[in-house]
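Below you'll find the structure, written out as structure tokens, and then a few comments.
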Amino acid sequence: MASLTVRQLDDALKQQLRLRAARNGRSVEDEVRTILRDAAGDIDMAAEAAAVTAEAKGPATDGRRVLLIIGGGIAAYKSLDLIRRLKERGLSVRCILTKAACEFITPLAAGAIAGEKAFTDLFDPQHEFDVGHIRLAREADLIVVAPATADLMAKMANGLANDLATAVLLATTAKILLAPAMNPRMWSNKATQRNLATLLADGVTLVGPNAGEMAESSERGLGRMAEPLEIAAAALNQFGAKAAQPLLGTKLLITAGPTHEPIDPVRYIANRSSGKQGYAIAIAAAAAGADVTLISGPVNLPKPAGINLVTVETARDMLKAVEAALPADVAIFAAAVADWRVANAGEQKIKKKAGQATPKLALTENPDILATVAHRTTLRPKLVIGFAAETEDLSANAQAKLARKGCDWILANDVSPSTGIMGGDNNTIQLVTPGGIEPWPPQSKDGVAAMLIARIATALTEPTS
Ligand SMILES: Cc1cc2nc3c(=O)[nH]c(=O)nc-3n(C[C@H](O)[C@H](O)[C@H](O)COP(=O)(O)O)c2cc1C
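What follows is the structure, given as structure tokens:
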């Protein structure tokens, strides 16, 4: 193959290249690479490679191109995570931001995560010359609209094309996946529902919206955008269910949240567990095709879609629910189960009486759910995974716990208040297995869930890992 360096080009061409590279925020070398890649667009190397892979391995995602259209809703910030999720799954991602979306996130952030300039303007002469809205429409294997605003849905349903996003949506022949996100009243409005019916009849696919807390003014209802992992799974489904659902046919049992141990009918002992990590794992497992039973202590989280949710209060109830949910292929114990309960919980409210001694609470040990399931001789899941919430000697305590409890893996995390992990959205995990300790990078609880589910999928196909 011929080799060419920028230095060999004439000065006028070099100057033109420099200007173009500066305008696109790329190095001159990257600009040349982009031009050459675009020139080879007709050969469509990525599609060729994807086709070869597809023939060899069945449905594949490598090199498939997703055009992500980000609408102007509060959920736009989640689309930045969605870009990462799609890329993690072998998809290449290009972004278009509507004018309103740029009020919530920047094209710079979207472009930096996608690894390619994000597009915003239908009438940008340079963009129209370089790529153009018709090429953006043609070069997508799938268009994902997330968040799909009420406005975008209305424009799509009526064939409007007065900005880059809607012009591309009208010009494409690719499949379209919508992740609506809006206020519950906007969602249930007859106009939105009429537009939705039109779009579904036109062959558009939907992911979400979910029910739950809205970002604004503590409102609840249907209209929350599906989580990035759900959208990524739905996108993969468009390319073939097998690649998207490595846990299809697998039964997972997951516990989450705290337990409440009664002192009397109105008081209880609890802990600060939010349930977020367990719920994130349940959502990721369901998105990977697993049949999921989530046994949850009292939490303030919406019920995830497509999951069998069993709610319990005490450790003893949780154990009963876990045993009733067996058999399962994998059991993940993310709940922060109280070690002790009050030995003689009062049947009536304990009264404060003048002159009487302060009541003393005698505690008794709760059943150890993780150890009970891990040591079962019948119906023991193939993979029993526990969490170790520690505030000191994390690795040593987690290794000791792995041996003591008889489980296969421990996900150890430091829950000292300074880490913000308990109740927060992020987590830093060390995966402890009989083979050693593997530190995972600090990341969101969704990220931990995705990594764990990927590891489980690998472990189930390669039982020795
Ligand atoms: C703070 C704020 C939040 C908004 N959130 C949403 C939303 O979640 N969903 C929605 O459909 N519209 C939402 N809107 C209204 C849209 O931004 C507005 O309809 C806009 O024209 C949508 O443009 P687009 O569809 O081109 O992105 C919001 C507006 C504001 C000011």
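If you're matching positions, the sequence shown starts at 51 in our numbering and goes up one per residue. Note that the Cβ used here is the ideal one computed from N, Cα and C, for glycine as well.
**Report entry** Member of Ser324, Ala450, Pro197, Ser445 whose CA lies at the smallest distance from the CA of Trp490
**Finding:** Ser445
**Report entry** Within the region 138-183, ranges of the alpha helix (DSSP H) (whole runs, at least 4 residues)
**Finding:** 157-164, 175-180
Requested in this report: Using 10 angstroms around the beta-carbon of Lys167, count the other beta-carbons present and answer buried if the total reaches 16, otherwise exposed.
Outcome: buried
Report task. Take Glu153 and list the residues in its own chain whose beta-carbon comes closer than 8 Å to its own, dropping the five residues that flank it on each side. Result -> Gly122
Query - Straight-line Cα distance separating Asn447 from Asp418 - result: 16 Å
**Report entry** Own chain, CB closer than 7 Å to Leu210, minus 5 neighbours either side, in chain order
**Finding:** Thr216
Query raised in the report: Excluding the five sequence neighbours on either side, which residues of its own chain have a C-beta within less than 8 Å of the C-beta of Asp94, listed in chain order?
Result: Unreliable positioning characterises Asp94 in this predicted model, as indicated by a pLDDT of 41, which lies under 50. A coordinate reading is not provided.
Query raised in the report: Since Asp341 sits in a beta bridge, which residues does DSSP pair it with?
Result: Lys301
**Report entry** Contact set for Lys399: own chain, Cβ-Cβ below 7 Å, skip 5 residues either direction
**Finding:** Asp314, Pro315, Val316
Report task. Per DSSP, which residues does Arg270 bridge with? Please list them. Result -> Glu263
Query - Simplified DSSP assignment, three categories, for Val362 - result: coil
Query - Distance CB(Asp379)-CB(Leu429) smaller than 8 Å - result: no
Query - Test item: CB-CB of Lys128 and Pro259 under 8 Å - result: no
Query raised in the report: Opposite Gly486 in the DSSP bridges: which residues?
Result: Thr483
Query raised in the report: Ser346 by DSSP, collapsed to three states: which one?
Result: strand
Query raised in the report: So does Met206 have its beta carbon nearer than 7 Å to some heavy atom of ligand 1?
Result: no
**Report entry** Contact check, Met203 vs Asn239, beta carbons under 8 Å
**Finding:** no
Query raised in the report: When the Cα atoms are used, what is the spatial distance from Leu196 to Ile119?
Result: The sequence shown places Ala at residue 196, rather than the Leu named in the question. Roughly 6 Å between the two C-alpha positions.
Query raised in the report: What separation, rounded to the nearest whole angstrom, lies between the Cα atoms of Ala340 and Ala282?
Result: 15 Å
Query raised in the report: Sorry if obvious, but does the Cβ on Thr199 come closer than 7 Å to a heavy atom of ligand 1?
Result: yes
Query raised in the report: Can you tell me the Cα-Cα spacing of Ile506 and Glu442, whole angstroms?
Result: 27 Å
Report task. Give the DSSP bridge partners of Lys225, in chain order. Result -> Leu192
Report task. Note down the Cα distance separating Trp459 from Thr170, rounded to an integer number of angstroms. Result -> 46 Å
Report task. List the endpoints of the continuous alpha helix (DSSP H) containing Arg454. Result -> 444-455
Query raised in the report: Glu325: which of Gln295, Pro354, Gly299 sits nearest, CA to CA?
Result: Note on identity: in this sequence residue 325 is Gly, with Glu being the wrong assignment. Considering only alpha carbons, the answer is Pro354.
Query raised in the report: In chain order, what residues of the same chain have a beta carbon less than 7 Å from the beta carbon of Thr242, not counting five sequence neighbours either side?
Result: Ala200, Met203, Met236
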